[in-house]
Amino acid sequence: MPRPWRPMIAAKCCTVDDGQVAVIGNLSRCRPTRSEFSKKVAELTSFRRLMSPSAELSSSSSARFNEDLSAAAAAGYGIGAGLYAFQLCELRAITHDFSSNYLLGEGGFGTVHKGYIDEKMRPGLKAQAVAVKLLDIEGLQGHREWLAEVILLGQFRHPHLVKLIGYCCEDEERLLVYEFMPRGSLENHLFRRISTALSWGTRLKIAVGAAKGLAFLHGAEKPVIYRDFKTSNILLDSDFTAKLSDFGLAKMGPEGEDTHVTTRVMGTHGYAAPEYVMTGHLTTRSDVYGYGVVLLELLTGRRAMDKSRGKSEEKLVDWARPYLTSSRKLRCIMDPKLAGHYSVKGAREVASLALQCISPTPKDRPRMSAVIDTLQGLQHLKDMAVSVGAWPTTPIVGRNAISAKSKMEGAANGRRRVSASAKLG
Ligand SMILES: Nc1ncnc2c1ncn2[C@@H]1O[C@H](COP(=O)(O)OP(=O)(O)OP(=O)(O)O)[C@@H](O)[C@H]1O
Ligand SMILES: [Mg+2]
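Counting from 1, one number per residue, gives the positions in the sequence shown under UniProt numbering.
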């Protein structure tokens, strides 16, 4: 059973205008760090003690910081409730000194390593595989982001959100320990050549699971805007249950009469809603746009943003939009790796849903609860397509054609995209 949602941020944090409204055309500006939610945490009176001089990165700060976390938990913020504080030497041991043999992946903020916890490590903590994220902390800001993730993720328990097991804060090291997701990220499955193609049914299952995670955040008493919905943040369990990870950019939604939160524009190229990029106005519908982009990636097997393609095909939303209105056109952009094995009606419905999600007008985008209803209604469809066997295994139309080389470049391109320098300004 999911733990009931308990808001932990004071209301003023959620609606305050941080005065850093986006500059139009600012998307190419690189930003080395990601969470301005975390700065808000630091600014809260309740959390000021966490972030003021005691948060300087000195060895003496670590013990103090841990005390602060416990104090916040005692004050009802839920920090540390069910979270384990690990020692660096413990995490070193379970990951074989963060060996590259145990490397699961690398994002913009550091490497992620697999480790095994045995039942002797902590009373009450079961033996299990874990993923240890080693944050590349650069100064106080990096620390704040790590802290925000500990505080926010520590609140959540839901079948479609990755579970944060614990953290480590020692000297200048900041680490996070998550449940291990055996099938890695959706990004790896869709775009890496090593993995076998995801079936249509599995794609639908993942889309439904990820939608449930987002719906949970949006449906909370105090809605949370996730702000970084993308394939690399959708992790997969052994049975392809999708779980959202990475809450570094998450932000509490508007309160009371407010319709939006105004904030600095952050996120990932290709996924950010246009009105958010233009105005800095953030709503749950901004997440729905990102969700629509992921639906397009599931349909087409193409990345949200792929600089290895020509200008007209670089941005998936712009390229795919004209094809989403009919089955005949849609057929031209379906992921060749599906080799025609998909429900034609299902694909048409998913395309139509994606089109709504990426609507330029936020209020025309569906709520995530409606998205779930639509997608669940498609899971039983058995009208598996078309001339199985005759379906080309290479892209259908010339403009769709990509060589193995450019696919590799696309993967590399994607890795750069999600690295530190690729976050939106
Ligand atoms: N809990 C986990 N279980 C298994 N693999 C994981 C887990 N968390 C992360 N990974 C792997 O590590 C990779 C890097 O994750 P990380 O969140 O650091 O970066 P990212 O999502 O690729 O980029 P960004 O920095 O933009 O979030 C993921 O793509 C995934 O393959
Ligand atoms: Mg991530």
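Glycine residues also receive a C-beta, built at the ideal position from the N, C-alpha and C atoms.
In this text the structure is predicted, and so the values were computed from the model without any measurement.
Coil, strand or helix - H281 by DSSP: Strand at H281.
Where in the segment 266-352 do unbroken runs of the alpha helix (DSSP H), each at least 4 residues long, occur, reported from the N-terminal end onward? For the segment 266-352, the continuous alpha helix (DSSP H) assignments of 4+ residues that do not extend past its boundaries occur at 274-279, 284-300, 311-314, 316-320, 327-331, in sequence order.
Is G340 a contact residue of ligand 2, with contact defined as CB to any heavy atom under 8 Å? No, ligand 2 has no heavy atom inside 8 Å of this Cβ.
Tell me the DSSP secondary structure of L381 in three-state form. Of the three classes helix, strand and coil, the one that applies to L381 here is coil, per DSSP.
For E187 and R303, what's the separation of their Cα atoms in angstroms? Whole-angstrom Cα-Cα distance: 9 Å.
When burial is assigned at 16 or more other CB atoms within 10 Å of the CB, is A22 buried or exposed? Low confidence applies to A22: its pLDDT is 26, below 50, so where it sits in the model is not reliable, and the reading given next is rough at best. Looking at its Cβ environment, which holds 16 or more other Cβ atoms inside 10 Å, A22 is buried.
Between S38 and E149, what straight-line distance do the alpha-carbon atoms span, to the nearest angstrom? Below a pLDDT of 50, predicted positions are generally treated as unreliable, and S38, at 34, falls in that range; no measurement from the model is reported.
Who are the Cβ neighbours of A211 in its own chain at under 8 Å, not counting the five residues just before and after it? If we look at A211 and ignore the five residues flanking it on each side, its Cβ neighbours are Y291, M368, V371, I372, L375.
At a threshold of 8 Å, does G107 count as lining ligand 2 (C-beta to nearest heavy atom)? With a cutoff of 8 Å, G107 counts as near ligand 2, since its C-beta is closer than that to a heavy atom of the ligand.
Whole angstroms is fine: what's the gap from D239's alpha carbon to E119's? Their backbone Cα atoms lie some 24 Å apart in a straight line.
For a test of your reading of the model: does the CB of P360 fall under 8 Å from any non-hydrogen atom of ligand 1? Yes or no. The closest heavy atom of ligand 1 lies 8 Å or more from the beta carbon of P360.
Can you tell me where the alpha helix (DSSP H) holding E90 begins and where it ends? Going by DSSP, E90 is part of the alpha helix (DSSP H) stretching over 88-94.
When DSSP labels each residue in this structure, what does M181 get in the three-state scheme? Correct three-state label for M181: coil.
Which whole-angstrom value is the C-beta distance of V288 and L316, which I expect to be below 8 Å? Rounded to the nearest angstrom, the Cβ distance from V288 to L316 is 16 Å, too far for a contact under 8 Å.
Helix, strand or coil for A370 per DSSP? A370 falls in the helix class under three-state DSSP.
Expressed to the nearest angstrom, what Euclidean distance is found between the alpha-carbon atoms of K205 and L355? Distance between the alpha carbons of K205 and L355 is about 19 Å.
The beta strand (DSSP E) spanning L198 covers which residue range? Where L198 is concerned, there is no enclosing beta strand (DSSP E), given that its DSSP letter is neither H nor E.
Consider the C-beta atom of K230 and the heavy atoms of ligand 1; say whether any pair is separated by less than 8 Å. In this structure, K230 has its beta carbon less than 8 Å from a heavy atom of ligand 1.
Taking the straight line between their C-alpha atoms, what separation do you get for P362 and M384? Inter-residue distance for P362 and M384 is about 33 Å (C-alpha atoms, whole angstroms).
CA-to-CA distance, D258 to R264, given in whole angstroms: For R264 and D258, the gap between their C-alpha atoms comes out near 17 Å.
Kindly indicate which three-state DSSP category residue 443 falls into: helix, strand or coil? No answer is possible for residue 443: the residues shown for the chain start at 1 and end at 425.
Rounded to whole angstroms, what is the Cα-Cα separation between S343 and Y167? Each residue's alpha carbon lies about 43 Å from the other.
Going by other Cβ atoms of all chains shown within 10 Å of its Cβ, with 16 needed for buried, is A320 buried or exposed? The residue in question, A320, is buried, as its Cβ has 16 or more Cβ neighbours within 10 Å.
Taking 8 Å as the cut-off, is the CB of D246 close to at least one heavy atom of ligand 2? Flag set: Cβ of D246 near ligand 2.
What do you reckon, are the CB atoms on M181 and D228 nearer than 9 Å? No. Outside cutoff.
Give the range of the beta strand (DSSP E) segment to which E106 is assigned. Taken as a continuous stretch (DSSP letters only), the beta strand (DSSP E) holding E106 covers 103-107.
Taking only three categories from DSSP, how would you classify G209? Reduced to three states, the DSSP call for G209 is helix.
Examine ligand 3 and report whether any of its heavy atoms sits within less than 8 Å of the Cβ of M181. In the structure on display, ligand 3 does not appear, and the ligands it does have are ligand 1 and ligand 2.
Where does V224 fall in DSSP's three states? V224: strand per DSSP, three-state reduction.
Are the CB atoms of I225 and K243 nearer to each other than 9 Å? No, Cβ-Cβ distance for I225 and K243 is not below 9 Å.
Since G207 contacts Y178 with CB under 8 Å, what's their CB separation in whole angstroms? Here residue 207 is Ala; the residue named in the question, Gly, does not match the sequence. With a Cβ gap of about 22 Å, A207 and Y178 do not count as contacting.
Would you say T325 and A351 are within 9 Å of each other, going by their C-beta atoms? Closer than 9 Å, so yes.
Can you name the residues that DSSP bridges to L235? Paired residue(s): S185, K243.
Report all residues from its chain with a CB closer than 6 Å to the CB of R203; omit the five preceding and five following residues, and keep chain order. Non-local beta-carbon contacts of R203 in its own chain, meaning distances under 6 Å to residues more than five positions away in sequence, involve L298 in chain order.
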